[in-house]
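Enquirer: Its first residue numbered 8, the sequence shown is counted upward by one per residue in my numbering. Cβ coordinates follow ideal geometry from the N, Cα and C atoms, glycine included. Just so it is clear, the structure is predicted and the values come from calculations on it, not from any experiment. Structure below; questions to follow.
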Amino acid sequence: MSSFDVVKQLLVERDFEITNVSEEFIEASYADFKIKIWFPKVDYLDWYDPLLLIEAMGLDQIDALVIVSYRPYYLADEIARSLSKAKYWYGVDVSVGVYAIDESLIEKQLEEALGLAFIRFIDKVSNIDTCNGVCPQCFNSLRLRYIHKHVSRSLGCQVIETILICYSCGVKIHRVEIID
8 MSSFDVVKQL
18 LVERDFEITN
28 VSEEFIEASY
38 ADFKIKIWFP
48 KVDYLDWYDP
58 LLLIEAMGLD
68 QIDALVIVSY
78 RPYYLADEIA
88 RSLSKAKYWY
98 GVDVSVGVYA
108 IDESLIEKQL
118 EEALGLAFIR
128 FIDKVSNIDT
138 CNGVCPQCFN
148 SLRLRYIHKH
158 VSRSLGCQVI
168 ETILICYSCG
178 VKIHRVEIID
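Spelled out as structure tokens, the structure:
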């Protein structure tokens, strides 16, 4: 199975709605969270103007960009650098998370990238809001903001994934519990 198909299948298993598929991109959404998975055909960026990059890749329309390649880290650094240039040169602040995934470790790293993106954009993916224990840092109440039961491909079993937030001190806890 190709990496493209693995990503599509994993997104569907995680209850994402696939909104657009092209030769190099898979776009999907979960609640208000929008993600674009990029399978680049090149190992470099040929955009010199950061505004053109933002427009061409639609970075102002999404919350997270995941780069899947055998050399994704260079591309992720280049995109992050371009976003920084757009902010300082033009005053355009695009709040998009950029995540790099090595194609040989796609299942494990995609799960990790989704977890990091969900923590960053918790207000967009939140599906619950209840009190759940005490914050280990400030001892105020923790809020359970996300819970999802699914099969983890990297762990090979069913898990319950939760995200807990303390609004007093800002602690965010991403927990993956194995269930049998």
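1. Is DSSP giving ALA38 helix, strand or coil here?
2. Does the count of Cβ pairs from the segment 136–145 and the segment 87–106 closer than 8 Å reach three?
3. Whether or not the segment 11–23 and the segment 47–64 are in contact is what I'm after, with contact meaning three or more pairs of Cβ atoms, one per stretch, closer than 8 Å; do they touch?
4. Take the Cβ of TYR37 as the centre, count every other Cβ of all protein chains shown within 10 Å, and call the residue buried at 16 or more, exposed below.
5. Could you give the C-beta distance for SER161 and VAL75, rounded to a whole number, given that I count them as a contact under 8 Å?
6. Quick check on the DSSP output: what are the complete beta strand (DSSP E) runs of length 3 or more inside the segment 60–141, in order along the chain?
7. Decide if MET8 is buried, meaning its Cβ has at least 16 other Cβ atoms within 10 Å, or exposed.
8. Which word fits GLU184, buried or exposed, when buried means at least 16 other C-beta atoms lie within 10 angstroms of its C-beta?
9. Just verifying my parser: in three-state terms, what is the DSSP assignment at PHE32?
10. Which residues in the same chain have their Cβ closer than 7 Å to the Cβ of TYR174, if we skip the five residues on either side of it in sequence?
11. With the cut-off set at 8 Å, would you say ASN134 and TYR106 are in Cβ contact?
12. So for VAL13, helix, strand or coil by DSSP?
13. Is it true that the CB of VAL73 sits closer than 8 Å to the CB of ALA120?
14. Could you check what DSSP says for LEU52 in three-state terms: helix, strand or coil?
15. Thinking C-beta only, is LEU66 closer than 8 Å to VAL99?
16. Three-state secondary structure (DSSP) at LEU162?
17. By DSSP, does VAL19 sit in helix, in strand, or in coil?
Expert: Here's the rundown:
1. To locate residue 38, count along the sequence shown from 1; it is residue 31. Here ALA38 sits in coil by DSSP.
2. no
3. no
4. The residue given as residue 37 occupies position 30 in the sequence shown. So TYR37 ends up on the buried side.
5. Within the sequence shown, the letter at position 154 stands for residue 161. Within the sequence shown, the letter at position 68 stands for residue 75. Going by Cβ atoms, the distance from SER161 to VAL75 rounds to 15 Å, so no, they are not a contact pair.
6. 71–76, 104–109 and 137–141
7. Locating residue 8 in the sequence shown gives position 1, counting from the first residue. Flag for MET8 reads exposed.
8. In the sequence shown, residue 184 corresponds to position 177, counting from 1. Under this definition GLU184 is an exposed residue.
9. Translated into positions along the sequence shown, residue 32 becomes position 25. Note: PHE32 maps to strand in three-state DSSP.
10. Translated into the one-based positions of the sequence shown, residue 174 becomes position 167. Answer for TYR174: ARG150, listed in chain order.
11. The sequence position of residue 134 within the sequence shown is 127, counting from 1. The sequence position of residue 106 within the sequence shown is 99, counting from 1. For ASN134 and TYR106, no; Cβs fall outside 8 Å.
12. Start at 1 with the first residue of the sequence shown, and residue 13 comes out as number 6. Helix at VAL13.
13. Indexing the sequence shown from 1 puts residue 120 at position 113. Indexing the sequence shown from 1 puts residue 73 at position 66. Yes, they are a contact pair.
14. Working through the sequence shown from its first residue, we reach residue 52 at position 45. Three-state result, LEU52: coil.
15. The sequence position of residue 99 within the sequence shown is 92, counting from 1. The sequence position of residue 66 within the sequence shown is 59, counting from 1. In this structure, LEU66 does not lie closer than 8 Å to VAL99 by Cβ.
16. The residue you call residue 162 lines up with position 155 of the sequence shown. The answer is coil: DSSP assigns LEU162 none of H, G, I, E or B.
17. Within the sequence shown, residue 19 is the residue found at index 12, counting from 1. In the structure shown, VAL19 sits in a helix (DSSP, three-state: H, G or I).
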